[in-house]
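Peer 1:
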Amino acid sequence: MKFLKVASLAILLNFSTSVYSAVLVRESSVTNRYNCDGDIFTSDTVAEALKSSRANSVREGHVYPQSFESTNVESTDRQIFPIFPDGSTYIGQQDVKEFLVTDPDFNVMGLIMRDGKDFKECKDLSA
């Protein structure tokens, strides 16, 4: 009987450790990546916006991604796509404050936010 209790405890401990490890891995992958005047964007939010941007680029008549040029932000061969802190996807005619900036190959270059009639860079928290 003692053997069964020890075996049960070992199984329970192993399961608990596995669940705890999975939670740690999940939490560590969701890191705060950018701060745009208090709006925080996680790495998962950025990844989802990037995925939407790629998918949209092949749709006929798409609005985004679009070419990006700004006097305040380095912008050679850049494109932008709307991004929202809550992770929602741009579906058109929404008020957009922040944008994901990528190169033509969809490598993330950063986040920007509207600053009046121009843009300013969001703070990169991963640097």
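Count the sequence shown with mature numbering (1 follows the signal peptide of the UniProt record, and there is no 0) and you get residues -21 to -1, 1 to 106, in order. Think of the CB as a built atom: it goes at the ideal place given N, C-alpha and C, for glycine as much as any other residue.
According to DSSP, R62 sits in a beta bridge with which residue or residues?
Peer 2: Looking up residue 62 in the sequence shown gives position 83. Here residue 62 is Ile; the residue named in the question, Arg, does not match the sequence. Looking at the DSSP assignment, I62 forms a beta bridge with E77.
Peer 1: Counting C-beta neighbours from all protein chains within 10 Å, is the total for S46 16 or more, i.e. buried, or is it exposed?
Peer 2: As a position in the sequence shown, residue 46 is number 67, starting the count at 1. So S46 ends up on the exposed side.
Peer 1: Evaluate contact between the region 80 to 95 and the region 64 to 72, counting only Cβ atoms and requiring at least three cross-stretch pairs below 8 Å.
Peer 2: With a cut-off of 8 Å, the region 64 to 72 and the region 80 to 95 do not count as touching, because too few Cβ pairs lie within range.
Peer 1: Taking the straight line between their C-alpha atoms, what separation do you get for D56 and T24?
Peer 2: Indexing the sequence shown from 1 puts residue 56 at position 77. Indexing the sequence shown from 1 puts residue 24 at position 45. About 23 Å.
Peer 1: May I have the straight-line CA-CA distance separating N35 from I59, to the nearest angstrom?
Peer 2: Residue numbering aside, residue 35 sits at position 56 when the sequence shown is read from its first letter. Residue numbering aside, residue 59 sits at position 80 when the sequence shown is read from its first letter. Each residue's alpha carbon lies about 12 Å from the other.
Peer 1: Restricting to Cα atoms, I'd like to know which of C101, K76, F85, D103 is closest to R93.
Peer 2: For the purposes of this step, residue 93 is taken as the residue at position 114 of the sequence shown. That would be K76, whose Cα lies nearest to the Cα of R93.
Peer 1: Could you tell me if R38 is buried or exposed, where buried requires 16 or more neighbouring beta carbons within 10 angstroms of its beta carbon?
Peer 2: On the sequence shown, position 59 is the one that residue 38 refers to. By the neighbour-count rule (16 or more Cβ atoms within 10 Å), R38 is not buried but exposed.
Peer 1: Nearest-angstrom Cα distance between L90 and C15?
Peer 2: Here the question's residue 90 lines up with position 111 in the sequence shown. Here the question's residue 15 lines up with position 36 in the sequence shown. C-alpha separation (whole angstroms): 8 Å.
Peer 1: Tell me, to the nearest whole angstrom, how far the beta carbon of R12 is from that of L104; I am working on the premise that it is less than 8 Å.
Peer 2: Numbered from its first residue, the sequence shown carries residue 12 at position 33. Numbered from its first residue, the sequence shown carries residue 104 at position 125. Contact flag correct, Cβ pair sits at about 6 Å.
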